[in-house]
Amino acid sequence: MVLGALLVILATKFWQALFDLIWRPYIITKRFEKQGVRGPPYKFRMGAKQEMKDIQKGAETLVLDSRSHDIACKVLPHYQAWSSQYGTTFLYWMGTQPRICLGDPEMVKQVLSSKFGFYAKTYPGANIMAIMGKGLAFIEGSDWARHRRVINPAFHIDKLDMMAKTMAECVLHTLSEWEKQGNDNKTQEIEVSRQFEELTCNIISHTVFGTSDSINGKKIFEAQKELFLITLADFDGSMRYLPTKKNLKKWKLEKRMKNALTSIINSRLDNSKELGYGDDLLGLMLHSSFPVNGNNSSLSIDEIIDECKTFYFGGHETTSQLLTWTMFLLSTNPEWQERLREEVLKECGTETPNTDMLSKLKLVTMVLWESLRLYPPAILLARDASKEMNLGGLMIPKGTGLMIPMLMLHRDKEHWGEDANEFNPLRFENGASRAARHPNSILPFSIGPRACLGQNFAMLEARLVFAMMLQRSHDIACKVLPHYQAWSSQYGTTFLYWMETKPRICLGDPEMVKQVLSSKFGFYAKPYPGANLMAMMGKGLVFTEGSDWARHRRVINPAFHIDKLKMMAKSMADCVLNTLSEWEKQGNDNKTKEIEMSRQFQELTGNIISHAIFGTSDSINGKEIFEAQNELFLITIADLNGSMRYLPTKKNLKKWKLEKRMKNTLTSIIKNRLDNSKELGYGDDLLGLMLHSSYSVNDNNSGLSIDEIIDECKTFYFAGHETTSHLLTWTMFLLSTNPEWQERLREEVLKECGTETPNTDMLSKLKLVTMVLWESLRLYPPVILIARDASKDMNLAGLVIPKGTGLMIPILMLQRDKEYWGEDANEFNPLRFENGASRAAMHPNSIVPFSIGPRACVGQNFAMLEARLVMAMILQRFSFSLSPKYKHSPANWLTLQPQFGLPIDLRPLHQ
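Taking numbering that gives the first Met the number 0, I'd label the letters of the sequence shown as residues 0 to 910.
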């Protein structure tokens, strides 16, 4: 009898196994096929697991282009493969469980909007439950309703306002650390994914436990993260009951977490009469829970512990990923970074943003939604049919898994259009519900009654983080002319300030600027620059005055006639070609090559100006002279006010030695030219043209002495090397951050010059290149201030200026003044120069990078020719982008330059 019963049991089990493993999959598959739903074939006991693993293994080796957002082939390759083969709604088997992938937003809406628990959340497994807790994310039915009722008040808008200040303090602390790292180590590369994990952990610790318990809270959640990593190693839980080394550590961490959380909660309860429960999330949960007496609608301590775990994982892990992907998108779309920065500065200024300010950040919100669309932190939603259901006409058997592939749904071209895989925040201009053809085509927070309770918290946190980040790296006036910016905001663009006992007037009116710079009678003289600068730059055209200036200008002018510039163009091109050949060799070795452009352009322009001044024969000696001048420049900068210049310090001894060597070498070169002038002439370089203009004049004192020519050589080098190198550097930066303009310029260069070495006729046709150079000079002028002194009492546009008053013209601020340049004054927009520089703004003298009037830079045409030639030849041969190592920190060291250099990723076009 016992044997018979045993046989019956075994037979029953056998037939049940046959039913579960063979007959049921066959019947369900046929049933779905009749309804038009197909999928990968069921394999005995495994379902489609093996096919899924094979597809995923093939995707492991894929490396995507950073500009491609079509990531489904990498993270959901099986869904992509099956949806291509069977349609967006298909059946597949996970072992013996049937699963339906839902690609129809209407079906998705029906599943997620169900209020009666017909589509329950899939049980995540004991391991995940232990980490995240049995909180709102996983409970069902009346328990879920009770938890939701208690927790809801914690996320009311007034509570979020209170939390915003705590969030801001955490963000400020992180940003201050980043700034310190940058200051200590110059350019600083930051791994932002880890940084955002730490930041969101800090924020959630403070918002859950407040300031008093945040340190203990952070330690608890660090333990939870460690527990998460251990659990991932045994995700299926097959080893979870065995006392392995990992499990022993896991159980210890679980116990430590629970004891610590219990202790914090009990402490709050014990002190609630005197101190209250607190305004943090834990306090709000306790307040909502414990005043309710004996009606079973409050939460137990264990339940509150579980909710703390859920909040941490939901509010830390997912938000950090949203911040990381948004950072990636803004880094690869710098034009959107600038648009967001402008919006943040407009709505928040430099204040710590509050919730009212953040609510006005429409563009920031649009970008965050686009980030959630392209890179949702959770890429799948899972539900189980708790009874047989009719879903949009499709009969779903009880127990069927319903998989909603958010990643695929968010990129479905049927609902999002042909640009579904492109970054385009403008699609959210009218809100998330109107962004696609179906309002439920985007659901990063889910929808319906089980939608994420912390959605507003997460979006507030993300807006705040990006607003505070974007505030810190925009309008460079706050970095290089902070006092001018502060005073002009307070007193207007024309204001008085004192430099010790000397009065200075800042002139922000272009009409006043024109009157000062156009004066022909020396009423507004250049101030004395100090002995150190004079020794370095020489008393050339820049610093001479009166009849001496007129004499120098008369001798030098012929050197910059257009026919002379045409002669120099070939020499320039040879120098550029030599540099580009070196870059190509470096690129060939390592494909894409990172090059520090600021230094490269200094060497290139130094080489060009050496050839231009001394020609080929003396260029090597000339270059050595100017390398010495560079060294002299660095020494001089360290003691700019010259307070130690007469003392025989180590630096001064070196400086005097360099000055003497420079002068002796220059004197020797000049005398050699003069001695050989009858046989060889003076030469066609700048030195030769100066000698010709000077010594062909016979004893009428209108020529230049050898000392004066030496001074002009120094002036030419500094003006033609230091300033032009920074023009090229900032132009390279702007084209790297505006790749669409880089392509437009390359197209123009190839159209007008082909692959030939450009000549002056070709360069004169490069209208777009010229426009970009002018926009670079506007945004990043090499010299950011022009100074003059009133040599007598003057009436300046009705303003009486006492003799000796300093007149300061802040070029940088004048060229960004929204009154003359419009609301986009701080944006890169070369099209404003479409009709020339004089018509780019509302006043023709709102741009003065070369100054204007009789003292305007004599080398303007030389500099623009050189810059056009260099950029044209680079664009013919290379494409380039900004290195992730770049840190935007302009600095004014006599000239405006990137404080930490300009690392550029350079790619030869032939590759």
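We put the beta carbon where it would ideally sit given N, CA and C, even for glycine.
Alpha carbon of residue i to alpha carbon of residue j, nearest angstrom
{"i": "Val-366", "j": "Ala-434", "result": "12 Å"}
{"i": "Lys-248", "j": "Lys-218", "result": "16 Å"}
{"i": "Cys-856", "j": "Val-343", "result": "38 Å"}
{"i": "Lys-33", "j": "Leu-401", "result": "19 Å"}
{"i": "Thr-11", "j": "Leu-20", "result": "14 Å"}
{"i": "Leu-665", "j": "Leu-784", "result": "31 Å"}
{"i": "Leu-726", "j": "Ser-693", "result": "31 Å"}
{"i": "Asn-758", "j": "Ala-568", "result": "7 Å"}
{"i": "Thr-317", "j": "Trp-368", "result": "14 Å"}
{"i": "Ala-377", "j": "Leu-442", "result": "10 Å"}
{"i": "Leu-631", "j": "Cys-505", "result": "31 Å"}
{"i": "Lys-158", "j": "Glu-197", "result": "23 Å"}
{"i": "Glu-595", "j": "Ala-58", "result": "36 Å"}
{"i": "Ala-789", "j": "Val-782", "result": "21 Å"}
{"i": "Gly-719", "j": "Ala-485", "result": "33 Å"}
{"i": "Arg-145", "j": "Gly-132", "result": "16 Å"}
{"i": "Ala-862", "j": "Thr-604", "result": "10 Å"}
{"i": "Arg-906", "j": "Leu-895", "result": "27 Å"}
{"i": "Ser-850", "j": "Trp-740", "result": "27 Å"}
{"i": "Leu-540", "j": "Ile-705", "result": "15 Å"}
{"i": "Lys-114", "j": "Ala-136", "result": "15 Å"}
{"i": "Gly-687", "j": "Val-554", "result": "12 Å"}
{"i": "Tyr-885", "j": "Phe-899", "result": "8 Å"}
{"i": "Phe-312", "j": "Phe-227", "result": "10 Å"}
{"i": "Thr-354", "j": "Trp-415", "result": "31 Å"}
{"i": "His-473", "j": "Ser-882", "result": "For His-473, the predicted model reports a pLDDT of 41, less than 50, meaning its position is unreliable; a value from the coordinates is still stated below. Cα-Cα distance, rounded: 18 Å."}
{"i": "Asn-151", "j": "Phe-13", "result": "50 Å"}
{"i": "Thr-261", "j": "Leu-281", "result": "12 Å"}
Neighbour-count burial assignment, residue i, 16 or more Cβ in a 10 Å radius
{"i": "Leu-17", "result": "exposed"}
{"i": "Trp-892", "result": "exposed"}
{"i": "Tyr-122", "result": "exposed"}
{"i": "Asp-305", "result": "buried"}
{"i": "Lys-565", "result": "exposed"}
{"i": "Asn-182", "result": "Here Asn-182 scores only 45 on pLDDT, less than 50, and its place in the model should not be relied on; the value that follows carries that caveat. Exposed, since its Cβ has fewer than 16 Cβ neighbours within 10 Å."}
{"i": "Leu-9", "result": "exposed"}
{"i": "Pro-902", "result": "buried"}
{"i": "Phe-732", "result": "buried"}
{"i": "Ser-287", "result": "buried"}
{"i": "Asp-269", "result": "exposed"}
{"i": "Trp-655", "result": "exposed"}
{"i": "Phe-600", "result": "buried"}
{"i": "Asn-184", "result": "Note that Asn-184 has pLDDT 37, beneath the 50 cutoff, so the model's placement of it is unreliable and no number is given."}
{"i": "Lys-508", "result": "According to the sequence displayed, residue 508 carries Asp and not Lys. Buried, because 16 or more other Cβ atoms sit within 10 Å of the Cβ of Asp-508."}
{"i": "Gly-293", "result": "Because Gly-293 carries a pLDDT of 49, less than 50, the predicted location of this residue cannot be relied on, and the following value inherits that uncertainty. The residue is exposed, with fewer than 16 neighbouring Cβ atoms inside 10 Å."}
{"i": "Gly-453", "result": "buried"}
Sheet register partners of residue i (DSSP bridge)
{"i": "Val-799", "result": "Asn-794"}
{"i": "Lys-42", "result": "Gly-46"}
{"i": "Leu-881", "result": "Ile-903"}
{"i": "Lys-592", "result": "Leu-905"}
{"i": "Pro-889", "result": "Pro-897"}
{"i": "Gly-400", "result": "Arg-98 and Asp-383"}
{"i": "Leu-495", "result": "Ile-504"}
{"i": "Ala-524", "result": "Asp-788"}
{"i": "Met-394", "result": "Asn-389"}
{"i": "Leu-6", "result": "Answer by DSSP bridge pairing: none, since Leu-6 is not bridged."}
Neighbour flag for residue i against chain B, beta carbons, 8 Å
{"i": "Leu-905", "result": "This model lacks chain B altogether; it includes just one protein chain."}
Could you tell me whether the segment 804-811 touches the segment 826-833, using the rule of 3 or more Cβ pairs below 8 Å? no
Is it true that the segment 23-30 meets the segment 48-64, where meeting means three or more beta-carbon pairs spaced less than 8 Å apart? no
Could you give the uninterrupted runs of the alpha helix (DSSP H) lying entirely in the segment 81-140, keeping only those of 4 residues or more? 104-111 and 125-131
Any contact between the segment 92-101 and the segment 412-432? By contact I mean 3 or more CB pairs, one from each, below 8 Å. no
Please list the segments of the alpha helix (DSSP H) lying wholly inside the segment 749-789, counting only runs of 4 or more residues, in order along the chain. 759-763 and 766-778
Using 8 Å as the threshold, is the segment 389-401 in touch with the segment 101-120, meaning 3 or more CB pairs across them? yes
Going along the chain, which unbroken runs of the beta strand (DSSP E) with 3 or more residues stay wholly within the segment 318-391? 380-384 and 388-390
Are there three or more Cβ pairs, one per stretch, closer than 8 Å when the segment 254-268 is compared with the segment 344-363? no
Residue ranges of each alpha helix (DSSP H) run of no fewer than 4 residues wholly in the segment 652-734, ordered along the chain? 676-679, 685-694 and 705-716
So, do the segment 79-94 and the segment 34-44 have three or more beta carbon pairs nearer to each other than 8 Å? yes
Pair every Cβ in the segment 708-717 with every Cβ in the segment 742-749, then say whether three or more of these pairs are closer than 8 Å. no
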